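Asker: What follows is a single structure, and I will ask about it in a moment.
Numbering (UniProt numbering), first residue to last: 1 to 62.
Below is the structure:
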């Protein structure tokens, strides 16, 4: 199920970029970083993974 959700967000990101949208795909999760390989994360509960398509906006600098 998680793989399907990630693929949907990935494809939405591809489609958004092709259409000129500023929306981009983001994946958020709660997990543990591997002690030996920092490029690996362990997620014990798949319900703690969220994928969405959005535009991040930042406040203007003053």
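Glycine is no exception: its CB is placed at the ideal position from the N, C-alpha and C atoms. In this text, all values refer to a predicted model and were calculated from it rather than measured experimentally.
(1) Can you list, in chain order, the residues of its chain with a C-beta nearer than 7 Å to that of residue 12? Leave out the 5 residues immediately preceding and following it.
(2) Please tell me whether residue 43 and residue 29 are closer than 9 Å, where the distance is taken between their beta carbons.
(3) Mind listing, in chain order, the continuous beta strand (DSSP E) runs of no fewer than 3 residues lying wholly within the stretch 33 to 60?
(4) Quick check: what's the CA-CA separation for residue 6 versus residue 62?
(5) With which residues is residue 24 paired in a DSSP beta bridge?
Answerer: Result, derived from the coordinates:
(1) Answer for residue 12: 25, 53, listed in chain order.
(2) Contact flag set, yes.
(3) Those beta strand (DSSP E) runs which fall completely within the stretch 33 to 60 and span 3+ residues are 49 to 54.
(4) Roughly 37 Å between the two C-alpha positions.
(5) Residue 24 is bridged by DSSP to 54.
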